[in-house]
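Asker: Quick one: this structure, given as C-alpha coordinates, is what I'll be asking you about.
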Amino acid sequence: MIAAGIRCTPHKVFYTIIDLKEDSSFSLVNQELIIPKSFDIPNKLKYIRKTLLDIFKEYNVIRAGIRITEHNAQSPDLFRIMLEAVIQELIASSNVAYYFTGVKGSIASKLGIGNDGAIGLYIDGSQEFNNITKWSEYSVEYRECILVGFASFNL
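Residue numbering for the sequence shown follows this note's numbering, starting at 24 and increasing by one per position.
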(Lines of atoms letter the chains of each structure in order from A; the text may use other names.)
(Lines give C-alpha, C1' and ligand atoms only; values in the text may rest on other atoms or scores of the structure.)
Protein backbone atom coordinates (compact mmCIF):
# COMPACT_ATOMS: atom_id res chain seq x y z
CA MET A 24 0.00 0.00 0.00
CA ILE A 25 1.35 3.40 -0.92
CA ALA A 26 0.63 6.62 0.93
CA ALA A 27 1.78 10.21 0.70
CA GLY A 28 2.30 12.66 3.52
CA ILE A 29 2.36 16.34 2.61
CA ARG A 30 3.47 19.49 4.43
CA CYS A 31 3.33 22.95 2.83
CA THR A 32 5.35 26.06 3.48
CA PRO A 33 4.95 29.34 1.57
CA HIS A 34 7.95 28.47 -0.65
CA LYS A 35 8.05 24.66 -0.80
CA VAL A 36 5.83 21.62 -0.64
CA PHE A 37 7.45 18.75 1.23
CA TYR A 38 6.18 15.25 0.63
CA THR A 39 7.01 11.71 1.63
CA ILE A 40 5.95 8.63 -0.30
CA ILE A 41 5.62 5.59 1.98
CA ASP A 42 5.53 2.11 0.47
CA LEU A 43 4.18 -0.21 3.18
CA LYS A 44 4.79 -3.89 2.42
CA GLU A 45 2.64 -6.80 3.60
CA ASP A 46 5.32 -7.81 6.13
CA SER A 47 5.05 -4.30 7.70
CA SER A 48 8.42 -3.21 6.32
CA PHE A 49 8.39 0.08 4.47
CA SER A 50 10.43 2.42 2.34
CA LEU A 51 10.41 6.21 2.38
CA VAL A 52 11.00 8.69 -0.42
CA ASN A 53 11.36 12.28 0.84
CA GLN A 54 11.22 15.06 -1.73
CA GLU A 55 10.29 18.71 -2.00
CA LEU A 56 8.77 20.88 -4.68
CA ILE A 57 10.23 24.35 -4.82
CA ILE A 58 7.63 26.87 -5.89
CA PRO A 59 9.02 29.12 -8.63
CA LYS A 60 9.25 32.71 -7.40
CA SER A 61 8.73 34.11 -10.89
CA PHE A 62 5.22 32.65 -11.19
CA ASP A 63 2.16 34.64 -10.18
CA ILE A 64 -0.12 33.04 -7.57
CA PRO A 65 -2.51 31.25 -9.96
CA ASN A 66 0.41 29.71 -11.86
CA LYS A 67 2.14 28.70 -8.62
CA LEU A 68 -1.02 26.86 -7.56
CA LYS A 69 -1.39 25.29 -11.01
CA TYR A 70 2.26 24.17 -10.97
CA ILE A 71 1.88 22.47 -7.58
CA ARG A 72 -1.41 20.82 -8.53
CA LYS A 73 -0.12 19.45 -11.84
CA THR A 74 3.23 18.29 -10.45
CA LEU A 75 1.78 16.56 -7.38
CA LEU A 76 -0.90 14.89 -9.49
CA ASP A 77 1.85 13.49 -11.75
CA ILE A 78 3.76 12.27 -8.68
CA PHE A 79 0.66 10.59 -7.25
CA LYS A 80 0.08 8.82 -10.58
CA GLU A 81 3.74 7.79 -10.86
CA TYR A 82 3.78 6.20 -7.40
CA ASN A 83 0.16 4.97 -7.53
CA VAL A 84 -0.67 6.69 -4.24
CA ILE A 85 -3.93 5.38 -2.73
CA ARG A 86 -3.84 7.05 0.71
CA ALA A 87 -2.73 10.53 1.66
CA GLY A 88 -2.55 12.98 4.51
CA ILE A 89 -1.93 16.70 4.56
CA ARG A 90 -0.46 18.43 7.59
CA ILE A 91 -2.48 21.64 7.66
CA THR A 92 -2.05 24.93 9.48
CA GLU A 93 -3.08 24.77 13.13
CA HIS A 94 -6.48 26.33 13.74
CA ASN A 95 -5.08 28.61 16.42
CA ALA A 96 -2.02 29.79 14.45
CA GLN A 97 -1.02 33.32 15.50
CA SER A 98 -0.31 34.52 11.97
CA PRO A 99 -1.43 31.96 9.37
CA ASP A 100 0.12 32.37 5.94
CA LEU A 101 -2.63 32.88 3.36
CA PHE A 102 -0.61 31.36 0.50
CA ARG A 103 0.10 28.22 2.55
CA ILE A 104 -3.62 27.85 3.18
CA MET A 105 -4.27 28.25 -0.56
CA LEU A 106 -1.68 25.54 -1.29
CA GLU A 107 -3.29 23.20 1.22
CA ALA A 108 -6.70 23.80 -0.37
CA VAL A 109 -5.46 23.16 -3.92
CA ILE A 110 -3.75 19.96 -2.77
CA GLN A 111 -6.97 18.81 -1.10
CA GLU A 112 -8.82 19.41 -4.37
CA LEU A 113 -6.24 17.50 -6.42
CA ILE A 114 -6.39 14.55 -4.00
CA ALA A 115 -10.19 14.53 -4.14
CA SER A 116 -10.06 14.37 -7.94
CA SER A 117 -7.26 11.77 -8.11
CA ASN A 118 -7.15 8.00 -7.62
CA VAL A 119 -6.47 8.39 -3.90
CA ALA A 120 -9.07 6.28 -2.10
CA TYR A 121 -8.67 7.72 1.42
CA TYR A 122 -7.20 10.98 2.63
CA PHE A 123 -7.41 13.38 5.50
CA THR A 124 -6.19 16.77 6.58
CA GLY A 125 -4.72 16.98 10.02
CA VAL A 126 -3.45 19.27 12.70
CA LYS A 127 -1.23 17.85 15.44
CA GLY A 128 -4.12 16.52 17.53
CA SER A 129 -5.86 14.66 14.70
CA ILE A 130 -2.58 13.19 13.43
CA ALA A 131 -1.79 11.96 16.96
CA SER A 132 -5.25 10.43 17.24
CA LYS A 133 -4.91 8.51 13.97
CA LEU A 134 -1.49 7.24 15.07
CA GLY A 135 -2.82 6.12 18.45
CA ILE A 136 -0.72 8.71 20.29
CA GLY A 137 -2.33 10.47 23.22
CA ASN A 138 -3.60 14.00 22.72
CA ASP A 139 -1.41 15.19 25.60
CA GLY A 140 1.21 16.85 23.42
CA ALA A 141 3.25 13.66 22.93
CA ILE A 142 3.09 14.16 19.15
CA GLY A 143 5.41 17.14 19.67
CA LEU A 144 8.18 14.79 20.81
CA TYR A 145 8.02 12.98 17.47
CA ILE A 146 7.80 16.22 15.50
CA ASP A 147 10.78 17.83 17.23
CA GLY A 148 12.79 14.62 16.82
CA SER A 149 13.42 13.96 20.49
CA GLN A 150 11.50 10.66 20.28
CA GLU A 151 12.02 8.16 17.45
CA PHE A 152 9.00 7.16 15.39
CA ASN A 153 8.37 3.64 14.06
CA ASN A 154 12.04 2.63 14.44
CA ILE A 155 13.06 4.96 11.60
CA THR A 156 16.83 5.27 11.72
CA LYS A 157 18.25 8.76 12.12
CA TRP A 158 14.77 10.14 12.82
CA SER A 159 16.17 13.23 14.49
CA GLU A 160 18.22 14.05 11.38
CA TYR A 161 15.11 14.59 9.26
CA SER A 162 13.81 18.14 9.09
CA VAL A 163 10.67 19.00 11.03
CA GLU A 164 8.77 19.22 7.73
CA TYR A 165 9.78 15.71 6.68
CA ARG A 166 8.99 14.31 10.13
CA GLU A 167 5.52 15.82 9.81
CA CYS A 168 5.16 14.34 6.30
CA ILE A 169 6.11 10.90 7.56
CA LEU A 170 3.75 11.13 10.54
CA VAL A 171 0.78 12.26 8.47
CA GLY A 172 1.57 9.65 5.80
CA PHE A 173 1.58 6.84 8.36
CA ALA A 174 -1.60 8.28 9.91
CA SER A 175 -3.33 7.93 6.54
CA PHE A 176 -2.82 4.14 6.70
CA ASN A 177 -5.25 4.14 9.65
CA LEU A 178 -8.20 5.55 7.69
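Each residue gets a CB set at the ideal place from its N, CA and C atoms; glycine is no exception.
Is PHE102 helix, strand or coil by DSSP?
Answerer: Indexing the sequence shown from 1 puts residue 102 at position 79. Correct three-state label for PHE102: helix.
Asker: Label LYS67 either buried or exposed according to how many other C-beta atoms from any shown protein chain fall within 10 Å of its C-beta, with 16 as the threshold for buried.
Answerer: The residue labelled residue 67 in the question sits at position 44 within the sequence shown. It is buried - the Cβ of LYS67 has at least 16 other Cβ atoms within 10 Å.
Asker: With distances taken between CB atoms, is the gap from VAL171 to ILE89 smaller than 8 Å?
Answerer: Against the sequence shown, residue 171 aligns to sequence position 148. Against the sequence shown, residue 89 aligns to sequence position 66. Cβ distance < 8 Å, so VAL171 and ILE89 count as in contact.
Asker: Report, in whole angstroms, the separation of the C-beta atoms of ILE110 and ILE142, which I expect to be a contact under 8 Å.
Answerer: The count along the sequence shown starts at 1 and reaches residue 110 at position 87. The count along the sequence shown starts at 1 and reaches residue 142 at position 119. At roughly 21 Å, the Cβ-Cβ gap does not stay under 8 Å, so ILE110 and ILE142 are not in contact.
Asker: Along the chain, which unbroken stretches of the alpha helix (DSSP H) at least 4 residues long are found entirely within the segment 42 to 110?
Answerer: Whole alpha helix (DSSP H) segments, 4+ residues: 64 to 82.
Asker: The beta strand (DSSP E) that contains TYR121, what's its start and end?
Answerer: Counting from one through the sequence shown, the residue named residue 121 turns up at place 98. Run containing TYR121: 121 to 125, per the beta strand (DSSP E) assignment.
Asker: What are the boundary residues of the beta strand (DSSP E) that ALA26 is part of?
Answerer: Taking the first residue of the sequence shown as 1, we reach residue 26 at position 3. From DSSP, the beta strand (DSSP E) with ALA26 extends over 25 to 31.
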